[in-house]
Structure formats: structure tokens, C-alpha cells
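A.B. asks:
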Amino acid sequence: MFNKNVSIGKMLALDENTEVVAQTPKTSSSTRKISLDDETIKILSNWRSFQRQDYYKMGFNTTSEDQYVFTNDRNELH
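Under my numbering, read the sequence shown as residues 10 to 87, first letter to last.
(1) Which first and last residues belong to the beta strand (DSSP E) in which Q32 is found?
(2) Please check the pair K13 and S37, which I expect to be a contact at CB under 8 Å, by giving their CB distance rounded to whole angstroms.
(3) Of the choices V78, L23, L86 and M20, whose alpha-carbon is the least far from that of L53?
(4) Nearest to L93 by alpha carbon, out of E48, D46, A22 and W56?
Written out as C-alpha cells, the structure reads:
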């Protein structure tokens, strides 16, 4: 997020067992880059710090680049 952009390159879908899974979009035009203002970057950065500390206490490794921003209390997708 240092360049003030966020890339959206995955979508959430239900699989055949009605489990939420992350998938690559069907078309390349579904991939997006969104510019963020300084306040939004600050909020997301603070949330990520809180998330890492809180989930670390529960035994989750949240330092991966694949860590989702918004998860439930079991670090799973909603």
C-alpha cells in the first residue's frame, strides 16, 4: 500500500459444498486498482496492526501477503 493503491485480484464465491473460497476473476477486466486517500490508508494500516496482534495471540500467522483484511474470529473469510 505504499503507492496509495490497492489491487483487487480475487473474488469470493461459494464452492460446491457452499464453502466460501477465493477465486481469480473470470475476466482480466474484473481486476481493479483503486487509489486510496491518506486517511483510508491510515485506517487500513491501523486495522492490519490490530488484526496481526489480536490473531497472533490466538495462534494465527497473519504476516503472509495472502492474509485477508476482513475475516471472522477464526481468521476465515466471511
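By construction, the Cβ of each residue, glycine as well, lies at the ideal position given by its N, Cα and C atoms.
All values reported here derive from a predicted model rather than from experimental measurement.
C.D. replies: To lay it out plainly:
(1) Residue mapping note: residue 32 aligns to position 23 of the sequence shown, counting from 1. Counting along the chain, the beta strand (DSSP E) containing Q32 begins and ends at V29 to Q32.
(2) Counted from its first residue, the sequence shown places residue 13 at position 4. Counted from its first residue, the sequence shown places residue 37 at position 28. In fact, because the Cβ distance is near 23 Å, the residues do not count as touching under 8 Å.
(3) What you label residue 53 is simply residue 44 of the sequence shown in a count that begins at 1. Among V78, L23, L86 and M20, the Cα nearest to that of L53 is on V78.
(4) The shown model of the chain, from 10 to 87, leaves out residue 93, and the question about it has no answer.
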